[in-house]
Structures are given as C-alpha cells and as structure tokens.
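FYI, in this note's numbering the residues of the sequence shown are 68 to 304.
Just so you know, even glycine gets a beta-carbon here, dropped at the ideal spot from N, CA and C.
Keep in mind that this is a model prediction, so the values were computed, not measured.
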Amino acid sequence: MGDFDKSRKIAFLPGTSGVGKALAKNLAKAGYKILIGGAKLGEAKASVKEIQKAAGSACPFIEAMDMKGAAGAAKVIFFAVSGSQEEKKDLLQDLQSELKGKTIIDVTTAAYLKDESKWGQTSTTHMNREALAVPAKWVRCWNTVFVGLLENPPPSDSPHNIIICGDDQDAVTDAKQLTDCQPGFKVGSYCLALQHDSTCKMLQYSVVNAGMQTCHNALTDKLHNNSLSHVTFLGCE
Numbered sequence: 068m069g070d071f072d073k074s075r076k077i078a079f080l081p082g083t084s085g086v087g088k089a090l091a092k093n094l095a096k097a098g099y100k101i102l103i104g105g106a107k108l109g110e111a112k113a114s115v116k117e118i119q120k121a122a123g124s125a126c127p128f129i130e131a132m133d134m135k136g137a138a139g140a141a142k143v144i145f146f147a148v149s150g151s152q153e154e155k156k157d158l159l160q161d162l163q164s165e166l167k168g169k170t171i172i173d174v175t176t177a178a179y180l181k182d183e184s185k186w187g188q189t190s191t192t193h194m195n196r197e198a199l200a201v202p203a204k205w206v207r208c209w210n211t212v213f214v215g216l217l218e219n220p221p222p223s224d225s226p227h228n229i230i231i232c233g234d235d236q237d238a239v240t241d242a243k244q245l246t247d248c249q250p251g252f253k254v255g256s257y258c259l260a261l262q263h264d265s266t267c268k269m270l271q272y273s274v275v276n277a278g279m280q281t282c283h284n285a286l287t288d289k290l291h292n293n294s295l296s297h298v299t300f301l302g303c304e
C-alpha cells in the first residue's frame, strides 16, 4: 500500500455545506481532485467557486455535479449527508450502483438524539451500510469534529487527533492519508473493526453517560499524553 493516488477523484456528498464542504476545501488545498455533489446543482457550483478561491492553483481539478454524478465518477466518497436516518437511507438506495465496491468515508452522525434508548446501541455507519445493501468499503472518521475546527484548525505542533475505524485495510489507509495531509490534524488511532460487537461496551457506557464529545475528548487527551496508542473504537453514537 503506497501513498494515495492523486489521480483518483474524491467526491463529497454533499460538498455544499458543513463538514463536507470544509473537508473538500482542505483537500483541494492539499492538491486532490475534487467533485462537489449537491442536491441542487446551483449550490454545488457556488461551493466550487468558493473552494477554488480558497485553494487557488493548489487544486488540480474541481467540478460541480449532482449527487449521482459525483458518486459515479469518484473512487473515494465522503458521505456527509445530514438529516434523518430515513433520508440517508433513501439517498443510499438511490446510489447503489454508483457506490458499489467503492471506499465510503462516513462523517455522518446519528439523527435520533431525542430517543436516548438508542444511544450507544449501534453506529450510524452500520445503519448506512445496511441501507446501501451492496458491498462497499466503509470507513468512519471525522464524525466528532465540528465544522468550525475544520475551518480554523489548531496549530501544527498541537494537532487534533482523528479516530478512524473500518474493516478494509486499503480503505482505512486511504482515510489515514487523507487525514494526515490536512494541517492541524493527525490520525490519533485507528482500528480494523467496524462491526458493532461486545468490544465497545466500555465506550457505549461512556457515551451514554457522558456524551460523544466528552468521550472523544477523554480519548484524545490520553493519545496526546502517549498513554494510549491504539483504540478499538467502533463509532458508537
């Protein structure tokens, strides 16, 4: 496994707002080929203009497309759709042929916060993978990072740790490289275990009782202090 092949195009679904657009901007600045997917083509074109202005000559290629077109043309997809799980399911099922067999970096979070009985019982990525219902290489990361931090990253000598998990080695490697190339961020831990199972009981307890951000902060504090070198993190909400 070598470095990420920059001839591969990366799609953002969508890349018109929030974390999706912020990640697209950062990776455009790092020299990657970008496809901005949008539910409305006009919004995608507006994002392209904004990202082009920010990235300048560093970005070799960027194009606005609808969601289906961007998913079909890319090898790696950042799935950043907001809204309910049903809305995500509908979109994924509509994109089955475009996403089959591809690397999907899932940055979504669960939209069932009012139903506390479900906290810690599954992961959004697990639900998204079931909704897609065709083989793909799912990776989970960036789901605990606020858009403001992506837009104003910490200094490079004190980078923010990103936790990555997935069950395909090549896809996890892609996600790691697409993280480490962004100034102010680094891979803090990763694991090859996406499937929800008994190994995440401790994290389930922490999340239910303290909340996702508190749990994530505790983990990254340990990583900064070098007291924890590897986390078996399954993306529980």
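Taken through DSSP and simplified to helix, strand or coil, ARG196 comes out as helix. Going by beta carbons, ILE231 and CYS248 fall outside the 8 angstroms limit. HIS227 and PHE71 have their C-alpha atoms spaced approximately 21 angstroms apart. Inclusion of LYS169 and LYS142 in the CB contact set at 8 angstroms is warranted, their separation being smaller than that value.
Between the beta-carbon of LEU217 and that of VAL115 there is about 18 angstroms, and that puts the pair past the 8 angstroms contact cut. With a contact defined as Cβ atoms closer than 8 angstroms, GLN163 and VAL201 qualify at about 5 angstroms. Residue range 100-105 is occupied by the beta strand (DSSP E) that includes LYS100.
Per the C-alpha coordinates, the member of LYS120, ILE229, THR191 positioned closest to THR176 is THR191. Boundaries of the alpha helix (DSSP H) around ASP157: 152-161.
DSSP places LYS112 outside any beta strand (DSSP E); the residue lies instead in the alpha helix (DSSP H), whose first and last residues are 108-122. One alpha carbon belongs to MET132, the other to GLY104, and they sit about 5 angstroms apart. The closest CA to that of PHE145, considering only ASP235, ASP234, SER225, LEU102, is found on LEU102. Taking 8 angstroms as the cut-off, the Cβ atoms of LYS96 and ALA122 count as close. Approximately 10 angstroms separates the beta-carbon atoms of GLY251 and ILE229; this is outside 8 angstroms, ruling out the contact. Bridge pairing for ALA140: absent [DSSP].
Closest option to ILE118, judged by alpha-carbon separation, among GLU153, GLY139, ALA198, ALA91: ALA91. DSSP places THR176 outside both helix and strand once states are collapsed to three, so it counts as coil.
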